[in-house]
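Per my numbering, the sequence shown starts with residue 15, numbered consecutively.
In what follows, a single structure is set out as structure tokens and then discussed.
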Amino acid sequence: MYQAEAMWINFNCHYPMALKIAAGKACALTGESWAPKLVPEPQNHLVVPGQPWLDGFCIGQDLIRQFVAMPLGEGYSAEEQLTGEARHGGLQILAYPMKADVYKARFERPKLQRLYAPPMAEAAYAPPEMGLVRAADADRLASHDLLTSDMRVGVLAGTTGEARLLQLTGLADAEGILIAGTRIDTPRGSVVSDGSAEYAITAAGASPALEGRTHLHPPGDDSPQVVYLGGLLGEAELIDALRTGQIDAVARGEIGNRDTVHALGSDFTVTALDSQVEYGDFTLPVENTDLIACLNERLGWLTDNRNVGYAVWRADPGIFLQRADLWNAARAE
15 MYQAEAMWIN FNCHYPMALK IAAGKACALT GESWAPKLVP EPQNHLVVPG
65 QPWLDGFCIG QDLIRQFVAM PLGEGYSAEE QLTGEARHGG LQILAYPMKA
115 DVYKARFERP KLQRLYAPPM AEAAYAPPEM GLVRAADADR LASHDLLTSD
165 MRVGVLAGTT GEARLLQLTG LADAEGILIA GTRIDTPRGS VVSDGSAEYA
215 ITAAGASPAL EGRTHLHPPG DDSPQVVYLG GLLGEAELID ALRTGQIDAV
265 ARGEIGNRDT VHALGSDFTV TALDSQVEYG DFTLPVENTD LIACLNERLG
315 WLTDNRNVGY AVWRADPGIF LQRADLWNAA RAE
């Protein structure tokens with residue numbers, strides 16, 4: 015760094031950590047002397063992911079100075095201004111990873127196992143993937159085949175929404191392999207798919223070369239760009255980007271998109287319905303044929319043989335109770 019050159023620190027971390035940052039062993043967050051202990055009040059550490067960057071240090075209540083490269087011993091450094099001494103200089107960074115047992119309990123989902131073989135009772139089905147768009151763009155973005163290379167669709171990496179978007183727009187085949195010529199931007203630089211399994215994305219994961227992907231550029235004009243957001247704030251980051259025009263659509267499941275429209279009103283709408291659906295079920299002992307038949311019959315009634323989906327319930331939250339009352343009334347006669 016050149017003298018007087020300003021600096022900022024960008025944090026890009028997937029595993030939860032507490033970070034202590036100091037300049038000349040003076041805490042950048044509080045201005046107090048360096049101490050390895052994490053203190054909640056006043057908070058002397060950052061939490062990542064969550065904190066996107068740090069571009070300065072505290073020198074007093076509501077007073078922040080930018081990180082600037084200056085020589086030690088001439089009264090310019092943060093350490094000298096805060097402590098009156100020039101003993102340490104530089105930056106100090108100390109990371110405290112979240113304890114493994116806490117991480118597992120908080121974030122890792124247990125692997126589910128089916129204890130019995132089919133048959134299974136079919137339950138309500140998961141809604142299809144679809145696009146959330148600004149209401150003014152509903153006609154322009156009415157289906158996936160209308161998406162072109164000048165359009166940007168936001169997704170969360172590693173979701174069904176991402177995987178289905180790539181397949182529905184022709185950027186990937188049924189196995190998730192990206193078509194040849196697709197350029198993928200990552201923090202390590204850009205790579206270009208050669209059409210092999212080395213460049214694949216599914217809802218279950220992605221090829222190592224594509225980890226941390228930030229942007230997909232289609233090789234032709236008949237597929238959209240794919241923009242990866244939400245690494246810090248989740249789906250809220252996607253919605254804000256759509257609202258401000260940074261992206262043209264959000265690809266995800268019907269539930270999330272219809273909930274957004276319900277919560278935010280007429281500025282947004284849902285389009286580009288995916289014909290593929292995911293079915294849920296109850297796994298039961300194979301010999302429980304009576305219970306399986308009972309569940310199938312009643313679930314079929316409640317959903318009107320799968321005609322009552324999430325969109326119907328969202329518009330009329332009492333629909334299942336109404337159908338249950340009709341069932342009970344018919345059998346009471």
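All residues carry an ideal CB built from backbone N, CA and C; glycine is no exception.
Could you tell me the alpha carbon to alpha carbon distance between residue i and residue j, rounded to whole angstroms?
{"i": "L313", "j": "A307", "result": "10 Å"}
{"i": "W22", "j": "V62", "result": "16 Å"}
{"i": "N302", "j": "T274", "result": "40 Å"}
{"i": "G172", "j": "Q65", "result": "22 Å"}
{"i": "D262", "j": "A186", "result": "20 Å"}
{"i": "V205", "j": "P232", "result": "12 Å"}
{"i": "A325", "j": "R272", "result": "7 Å"}
{"i": "L180", "j": "G190", "result": "8 Å"}
{"i": "T228", "j": "R202", "result": "11 Å"}
{"i": "G145", "j": "C41", "result": "45 Å"}
{"i": "D115", "j": "K51", "result": "21 Å"}
{"i": "I215", "j": "S221", "result": "7 Å"}
{"i": "A250", "j": "A344", "result": "45 Å"}
{"i": "I253", "j": "D304", "result": "46 Å"}
{"i": "P141", "j": "R266", "result": "Its pLDDT being 48, under 50, P141 is placed unreliably in this model, and the value from its coordinates should be taken loosely. Between P141 and R266, the C-alpha separation is close to 10 Å."}
{"i": "W315", "j": "A149", "result": "34 Å"}
{"i": "L182", "j": "R337", "result": "35 Å"}
{"i": "R178", "j": "G219", "result": "13 Å"}
Where does the unbroken beta strand (DSSP E) through residue i begin, and where does it stop?
{"i": "L60", "result": "60 to 62"}
{"i": "L108", "result": "105 to 111"}
{"i": "G175", "result": "Premise fails: G175 lies in the alpha helix (DSSP H), 174 to 182, not in any beta strand (DSSP E)."}
{"i": "D199", "result": "197 to 200"}
{"i": "A37", "result": "31 to 37"}
{"i": "G203", "result": "203 to 206"}
{"i": "R166", "result": "166 to 169"}
Is the shortest distance between the beta-carbon of residue i and the beta-carbons of chain B less than 9 Å?
{"i": "G279", "result": "In the displayed structure, chain B is absent; only one protein chain is listed."}
Classify residue i: buried if its beta carbon has 16 or more other beta carbons within 10 angstroms, exposed otherwise.
{"i": "H28", "result": "exposed"}
{"i": "R101", "result": "exposed"}
{"i": "K118", "result": "exposed"}
{"i": "K39", "result": "buried"}
{"i": "R26", "result": "The amino acid occupying residue 26 in the given sequence is Asn; Arg does not appear at that position. Its Cβ having fewer than 16 others within 10 Å, N26 is exposed."}
{"i": "E225", "result": "exposed"}
{"i": "T258", "result": "exposed"}
{"i": "P276", "result": "In the sequence as presented, Pro is not what sits at residue 276; that position holds His. By the 10 Å Cβ count, H276 comes out exposed."}
{"i": "E99", "result": "exposed"}
{"i": "L243", "result": "buried"}
{"i": "N342", "result": "exposed"}
{"i": "Y130", "result": "Only weak support exists for where Y130 lies, its pLDDT of 35 falling under 50; the coordinates are left without a value."}
{"i": "N319", "result": "exposed"}
{"i": "G45", "result": "buried"}
{"i": "A188", "result": "exposed"}
{"i": "K125", "result": "Annotation note: pLDDT 42 at K125 (below 50); position unreliable, coordinate value reported separately. Exposed, since its Cβ has fewer than 16 Cβ neighbours within 10 Å."}
{"i": "N58", "result": "buried"}
{"i": "S210", "result": "exposed"}
{"i": "V147", "result": "buried"}
{"i": "R120", "result": "exposed"}
Which first and last residues belong to the alpha helix (DSSP H) in which residue i is found?
{"i": "L161", "result": "Here L161 belongs to no alpha helix (DSSP H), and DSSP marks it neither H nor E."}
{"i": "V326", "result": "324 to 329"}
{"i": "R345", "result": "333 to 346"}
At a cut of 8 Å, does the region 143 to 155 reach the region 185 to 198 through at least three beta carbon pairs?
No, because fewer than three Cβ pairs between the region 143 to 155 and the region 185 to 198 fall closer than 8 Å, the two stretches do not touch.
Determine contact between the region 103 to 111 and the region 28 to 38, defined as no fewer than three beta-carbon pairs at a distance below 8 Å.
yes
Sequence ranges, alpha helix (DSSP H) only - wholly within the region 220 to 303, length at least 4:
249 to 258, 268 to 278
I'd like to know if the region 165 to 179 and the region 222 to 240 are in contact, where contact means that at least 3 CB-CB pairs between them fall below 8 Å.
yes
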